[in-house]
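Asker: Counting in the working numbering, the sequence shown runs from 7 upward without gaps.
Have a look at this one.
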Amino acid sequence: MVLDKPGKPSYESPSSFRIIILIRTISKIHERIIAARLLAAARLRGVLHHNQSGSLPGLSTYDTCLTLTNDVKTMQRPRLKLSSLFLDIKAGFDNVDNNTLARILREGGIPPYLVSWVSSFLGERSCTLIQGAPGTPAPINVGAPQGSPISPLPFLLYVAPLHFRIPQGLMISYVDDFALTVASFSYRGNIHRLQELFEKLERKASRLGVSFSVPKTELIHWRTPSQRH
Numbered sequence: 007m008v009l010d011k012p013g014k015p016s017y018e019s020p021s022s023f024r025i026i027i028l029i030r031t032i033s034k035i036h037e038r039i040i041a042a043r044l045l046a047a048a049r050l051r052g053v054l055h056h057n058q059s060g061s062l063p064g065l066s067t068y069d070t071c072l073t074l075t076n077d078v079k080t081m082q083r084p085r086l087k088l089s090s091l092f093l094d095i096k097a098g099f100d101n102v103d104n105n106t107l108a109r110i111l112r113e114g115g116i117p118p119y120l121v122s123w124v125s126s127f128l129g130e131r132s133c134t135l136i137q138g139a140p141g142t143p144a145p146i147n148v149g150a151p152q153g154s155p156i157s158p159l160p161f162l163l164y165v166a167p168l169h170f171r172i173p174q175g176l177m178i179s180y181v182d183d184f185a186l187t188v189a190s191f192s193y194r195g196n197i198h199r200l201q202e203l204f205e206k207l208e209r210k211a212s213r214l215g216v217s218f219s220v221p222k223t224e225l226i227h228w229r230t231p232s233q234r235h
C-alpha cells in the first residue's frame with residue numbers, strides 16, 4: 007500500500023511516498039514471537055548498544071530525552087560548553103543488506119536458527135503495488151518491510167555497530183535518529199570535534215551502505231540560565 011508523506015513540496019519523487027506492507031495476521035503473530043526471542047538473545051549477548059532506544063520494550067522517547075538532558079546538565083557543571091549534532095539516517099529501513107545483517111548477527115553470537123530465520127524473512131522478497139492497475143511482482147534485494155512487527159529490530163541490530171564511545175561526550179540513537187554531544191571550553195571547539203566525529207560516523211555508515219539526510223540535520227548549542235548572552 008503506497009501512502010503519501012504529508013507536507014512534501016512535490017510528489018514527483020519516490021521519496022515522497024511510504025510503502026506499507028500488508029501481512030496476514032497469522033504471520034504477524036509468528037513474527038512477534040521471533041522478535042521477542044531475537045531481542046532477548048541480542049540483549050544477552052550485547053549485540054544491541056546500551057545507548058540505543060526506540061521500538062524496544064521499556065525504552066521510549068522519554069527515556070532518550072531524559073538520557074540526553076541528564077548528561078548535558080552533568081557535563082555543564084564544570085562550566086563546560088556543550089553542543090549536539092542531530093542526524094537522521096536516509097531511508098534507513100530500505101537499506102538493510104541481508105548478507106551484512108547476517109554477518110553482524112553471527113559475529114554477535116546470535117543462535118544460528120534465528121540468523122537463518124531473519125535471512126529467510128528478508129531474502130527473496132517481492133512487492134506488488136495495490137493502487138492502480140495490477141502489476142508484475144518486483145523483486146526486493148535489500149530493506150526490511152515497514153508494517154511488520156519484527157522489522158524495526160533487524161534495523162536496530164544493523165545500525166548498532168555505528169555506535170562508538172565519545173570521550174567527554176555522548177552518542178545516543180532513537181531508531182534511525184542519532185545524536186552526537188560533545189563538551190569543551192568553547193562552542194568553536196565543539197564544532198571542530200563534531201565535524202571529526204561525524205566524519206568517523208560517516209565512514210562507518212558507508213561500510214553498511216547507509217547515509218545521513220542533510221536537510222534533517224540539526225545543530226544545538228546548549229546553555230545554562232547564566233549564559234543568556
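Ideal Cβ positions, reconstructed from N, Cα and C, are used throughout, including at glycine.
Computed from a predicted structure; not experimentally measured.
1. With DSSP run on the structure shown, which of helix, strand or coil describes Y193?
2. Sorted by chain position, which residues of the same chain lie with C-beta nearer than 6 Å to G3's C-beta, five sequence neighbours on each side aside?
3. Starting from the C-beta of E37, find all residues in its chain whose C-beta is less than 7 Å away, skip the five residues before and the five after it, and write them out in chain order.
4. How far does the alpha helix (DSSP H) with K87 in it reach, from first residue to last?
5. In the stretch 57 to 116, which residue ranges form an unbroken alpha helix (DSSP H) of at least 4 residues, counting only runs that do not cross its ends?
6. Taking only the alpha-carbon atoms, compute the straight-line gap between A48 and T31 and give it to the nearest angstrom.
7. Could you tell me the boundaries of the alpha helix (DSSP H) in which R229 lies?
8. Only counting runs of 4 or more residues, tell me where the alpha helix (DSSP H) segments fall wholly within the stretch 155 to 209, in order along the chain.
9. Among residues of its own chain, excluding the 5 on either side of F23, which ones have a beta-carbon nearer than 7 Å to its beta-carbon?
10. Using a Cβ-Cβ cutoff of less than 7 Å, which residues in the same chain neighbour Y193 once the five nearest sequence positions on both sides are dropped?
11. If you pair each beta-carbon of the stretch 55 to 73 with each one of the stretch 169 to 187, do three or more pairs fall below 8 Å?
12. Assuming S219 and A211 make a contact with CB atoms under 8 Å, what is their CB distance in whole Å?
13. In terms of residues, what are the limits of the beta strand (DSSP E) holding V8?
14. Would you kindly report the start and end of the unbroken alpha helix (DSSP H) that includes R38?
15. Alpha carbons only, please: which of S21, G114, P84 and V102 is nearest the one belonging to A46?
16. Where do the N-terminal and C-terminal ends of the beta strand (DSSP E) with F127 fall, by residue?
17. Measuring only the C-alpha atoms, how far is D94 from V148?
18. So L44 and L120 are in contact, right, with Cβ under 8 Å, and what is the actual spacing, rounded?
19. DSSP three-state label for S16, please.
20. Please report how far the alpha carbon of L159 lies from the alpha carbon of I35, in whole angstroms.
21. Is the beta carbon of L203 closer than 8 Å to that of L186?
22. Where does P221 sit, in a helix, a strand or coil, going by DSSP?
23. Kindly indicate which three-state DSSP category A150 falls into: helix, strand or coil?
Answerer: Reading it off the structure:
1. Within the sequence shown, the letter at position 187 stands for residue 193. Helix, per DSSP.
2. In the structure displayed, the chain extends from 7 to 235; residue 3 sits before or after that span and is not available.
3. Position 31 of the sequence shown, counting from 1, holds the residue named residue 37. These residues qualify, in order along the chain: S154, P155 and I156.
4. The count along the sequence shown starts at 1 and reaches residue 87 at position 81. Where K87 is concerned, there is no enclosing alpha helix (DSSP H), although the beta strand (DSSP E) it sits in stretches over K87 to D94.
5. If we require 4 residues or more, the alpha helix (DSSP H) runs fully inside the stretch 57 to 116 come out as 67 to 82 and 104 to 113.
6. Taking the sequence shown and counting its residues from 1, the one referred to as residue 48 is at position 42. Taking the sequence shown and counting its residues from 1, the one referred to as residue 31 is at position 25. If you take the alpha carbons of A48 and T31, they lie about 25 Å apart.
7. Residue mapping note: residue 229 aligns to position 223 of the sequence shown, counting from 1. It is not in any alpha helix (DSSP H) - R229 carries neither H nor E in the DSSP assignment.
8. 158 to 165
9. For this step, residue 23 is matched to residue 17 along the sequence shown. Shown here for F23: same chain residues with a beta carbon closer than 7 Å to its own, the five before and five after excluded, namely V8, L9, D10 and K11 in chain order.
10. Taking the sequence shown and counting its residues from 1, the one referred to as residue 193 is at position 187. Only K87, S89 and H227 meet the Cβ criterion.
11. yes
12. Counted from its first residue, the sequence shown places residue 219 at position 213. Counted from its first residue, the sequence shown places residue 211 at position 205. S219 to A211, Cβ: 12 Å. No contact.
13. On the sequence shown, residue 8 is found 2 positions in, with the first residue counted as 1. Start and end: V8 to D10.
14. For this step, residue 38 is matched to residue 32 along the sequence shown. Residues T31 to R51.
15. For the purposes of this step, residue 46 is taken as the residue at position 40 of the sequence shown. Per the Cα distances, G114.
16. Mapped onto the sequence shown, residue 127 falls at position 121. From DSSP, F127 is part of no beta strand (DSSP E) but of the alpha helix (DSSP H) over P118 to L128.
17. As a first step, residue 94 must be located in the sequence shown, where it is residue number 88. As a first step, residue 148 must be located in the sequence shown, where it is residue number 142. About 19 Å.
18. Residue mapping note: residue 44 aligns to position 38 of the sequence shown, counting from 1. Residue mapping note: residue 120 aligns to position 114 of the sequence shown, counting from 1. Indeed, because the Cβ distance is near 5 Å, the residues count as touching under 8 Å.
19. In the sequence shown, counting from the first residue as 1, residue 16 sits at position 10. Three-state result, S16: coil.
20. Along the sequence shown, one-based indexing puts residue 159 at 153. Along the sequence shown, one-based indexing puts residue 35 at 29. Those two C-alpha atoms are separated by around 15 Å.
21. Taking the sequence shown and counting its residues from 1, one reaches residue 186 at position 180. Taking the sequence shown and counting its residues from 1, one reaches residue 203 at position 197. Yes. Within cutoff.
22. Along the sequence shown, one-based indexing puts residue 221 at 215. Here P221 sits in helix by DSSP.
23. Within the sequence shown, the letter at position 144 stands for residue 150. Reduced to three states, the DSSP call for A150 is coil.
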